[in-house]
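Note sheet for the following structure.
Protein chains: 2
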Amino acid sequence: MKSARQRKDRVVLDTSLFVNPEVRSDFGDTPTAAINGFLAIALQIPSLEFYMPSSIFQELLNFVNEKEIPGSFLAVLRQKAPSKHELTCPAFFLYELIEDIRERVNKGLRIAEKAVRSAGKGGEQEVIQSMRKNYREALRDGIIDSKEDVDLILLAKELDALLVTVDHGAIKWAEKLGIRWLLPTRFRAYLLSFIEQQE
Amino acid sequence: MKSARQRKDRVVLDTSLFVNPEVRSDFGDTPTAAINGFLAIALQIPSLEFYMPSSIFQELLNFVNEKEIPGSFLAVLRQKAPSKHELTCPAFFLYELIEDIRERVNKGLRIAEKAVRSAGKGGEQEVIQSMRKNYREALRDGIIDSKEDVDLILLAKELDALLVTVDHGAIKWAEKLGIRWLLPTRFRAYLLSFIEQQE
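Those protein sequence lines, which keep their order, are chains Z and P.
Per the working numbering, the very first residue in the first sequence carries number 253; after that it's consecutive.
Per the working numbering, the very first residue in the second sequence carries number 253; after that it's consecutive.
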């Protein structure tokens, strides 16, 4: 006999599940196909609630034609911003963020200095291109660097949800804040296990 | 008849009051003289409690000989770190911080690109020096960029204290978090008003 569950389990989705070719293939070959592929499975799992921050949903609309999104997708995948004026985050989080950024800012300056020294020897355009790449890696990889990333983390925290994302920065902060997370590549198998359990 | 006060009013001090020549002159010409000048006044005001984050106190020790600090200074100026594992900060604070940093990081890259282009025309050393200055201004001025800054803000918040600092980043975040603040240049007059009131 199964006991009645107090509350449905919740899942927060990033766009990568639908737009990143490396991870969406489990659900479909195009963003629209991936949306329909996910929907077909999600509709069979009444015990899960799916959410996406509204800011992330706006990003998704850059990849799909809004008219091609089925109405049921809007019903199944709830769009909701985190309650940002009610939520709080632990103060130690601030310390780690500030320290992380401080180190990255110093690293960015060293990258820029190295580029200036190389440029003195010619090949300006190549030097700038390579510097841009190194600078962005140093200052952005593995860090929460946009409002959308913060939305993702805070919504998962607010809902006590499983966060499905491939973003290193989001995963790193999910670990710090005790948020469950799953790579999109394992998400289809995760969903199917619910269907098997029901049968 | 004066009503009994429930709690003493609290003040959190930055090191600038003692080490910054432009603001410490109200209290003394050297850091040690400023400490003694402050102490002479503070001892006459039993209605105020003075605090300094321990990390900031460590910075102060870079400017004064520890043996020259009177024992009463340690009693009057309480060293205390914020309760960083109990305190929380509002989530909107995170959004503003991340957005601020994102803009600064982009600005830093533009400064670096400009420097690389200048370096192609020679004068490498001057270009690097000027880039360092511009980069640091763009990425650090007016932002909380160290653990010590976070300590200052959070301790003032925890104690509901008046923050005495000249740091633009700290003042900016004090404004966002509803923390009272005062420039060190007005602090002596502030203190003397308490003594006058007592007389």
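No residue lacks a Cβ here, since even glycine has one placed at the ideal position from N, Cα and C.
Alpha carbon to alpha carbon, what distance is there between Leu-444 (chain P) and Ala-292 (chain P)?
11 Å
Within its chain, find whatever has a CB closer than 7 Å to the CB of Ile-321 (chain P); leave out the 5 residues flanking it on each side and keep chain order.
Ile-287
Short Cβ contact (8 Å threshold) for Tyr-347 (chain Z) with Val-402 (chain P)
yes
Can you check the stretch 333–408 of chain Z for any beta strand (DSSP E) of at least 3 residues that lies completely inside it and give the ranges in chain order?
340–342
With 16 other CB atoms within 10 Å as the buried threshold, where does Pro-298 (chain Z) fall?
exposed
Could you tell me whether the stretch 337–345 of chain P touches the stretch 301–313 of chain P, using the rule of 3 or more Cβ pairs below 8 Å?
no
Tell me which same chain residues have a C-beta within less than 6 Å of the C-beta of Gln-296 (chain P), skipping the five on either side of it?
Ile-447
What separation, rounded to the nearest whole angstrom, lies between the Cα atoms of Pro-305 (chain P) and Leu-407 (chain P)?
7 Å
Can you list the residues of chain P that Ile-396 (chain Z) reaches, using a CB-CB cut of under 9 Å?
Leu-346 and Ile-350
Along chain P, which residues have their Cβ under 9 Å away from the Cβ of Ala-364 (chain Z)?
Gly-360, Leu-361, Ile-363, Ala-364, Glu-365, Ala-367, Val-368, Ile-380, Met-383, Arg-384 and Tyr-387
Using three-state DSSP, classify Glu-427 (chain Z) as helix, strand or coil.
helix
For Gly-211 (chain Z), go through chain P and note every residue whose CB falls closer than 7 Å to its CB, in chain order.
The structure shown does not extend to residue 211 (chain Z), since chain Z spans only 253 to 451, so no value can be given for it.
Which residues in chain P have a C-beta closer than 9 Å to the C-beta of Ile-293 (chain Z)? List them in chain order.
Per Cβ cutoff of 9 Å: no residues; Ile-293 (chain Z) is ~32 Å from chain P at best.
Can you tell me whether Gln-450 (chain P) is helix, strand or coil according to DSSP?
helix
When you compare the CB of Pro-305 (chain P) with every CB in chain Z, is at least one pair closer than 8 Å?
no
Measure how close the beta-carbons of Arg-262 (chain P) and Ala-413 (chain P) come, nearest whole angstrom, since I'm counting them as under 8 Å.
4 Å
Contacts around Thr-437 (chain P), its chain only, beta-carbon distance under 6 Å, and the 5 residues preceding and following it disregarded:
Val-275
Put Val-271 (chain Z) into one of helix, strand or coil per three-state DSSP.
helix
Span separating the alpha-carbon of Asp-266 (chain P) from that of Thr-417 (chain P):
5 Å
Please name the residue, chosen from Z:His-420, Z:Ile-396, Z:Ile-395 and Z:Leu-429, that lies closest to Glu-410 (chain Z) on a Cα-to-Cα basis.
Z:Leu-429
Indicate the three-state DSSP secondary structure (helix, strand or coil) for Gln-331 (chain P) in the structure shown.
strand
Count the other C-beta atoms from every protein chain shown that fall within 10 angstroms of the C-beta of Met-253 (chain Z), then say buried if there are 16 or more, exposed otherwise.
For Met-253 (chain Z), the pLDDT reaches just 44, beneath the cut-off of 50, and the residue's location in the model is therefore unreliable, although a value from the coordinates is still provided. With fewer than 16 Cβ atoms within 10 Å of its Cβ, Met-253 (chain Z) is classed as exposed.
Which term fits Pro-273 (chain Z), buried or exposed, when burial requires 16 or more other beta carbons within 10 angstroms of its beta carbon?
exposed
Taking DSSP as the reference, what is the three-state secondary structure of Leu-415 (chain P)?
strand
How would you list, in chain order, the residues of chain P whose beta-carbon sits under 9 Å from the beta-carbon of Ala-441 (chain Z)?
Result: empty, since nearest Cβ-Cβ is about 33 Å, beyond 9 Å.
Hey, quick one: how far does the beta strand (DSSP E) through Leu-312 (chain Z) stretch, first residue to last?
Per DSSP, Leu-312 (chain Z) belongs to no beta strand (DSSP E); it is in the alpha helix (DSSP H), 306–312.
With a CB to CB cut of under 6 Å and the five nearest residues on each side skipped, what residues in its chain are close to Ile-431 (chain P)?
Ala-408, Lys-409 and Leu-415
What's the C-alpha gap between Ser-370 (chain P) and Gly-360 (chain Z)?
18 Å
So the alpha helix (DSSP H) Leu-291 (chain P) belongs to, where does it begin and stop?
283–294
Please state whether the Cβ-Cβ distance between Phe-315 (chain P) and Pro-342 (chain P) is less than 8 Å.
no
Interface residues of chain Z around Ile-431 (chain P) at Cβ under 7 Å?
Result: empty, since nearest Cβ-Cβ is about 14 Å, beyond 7 Å.
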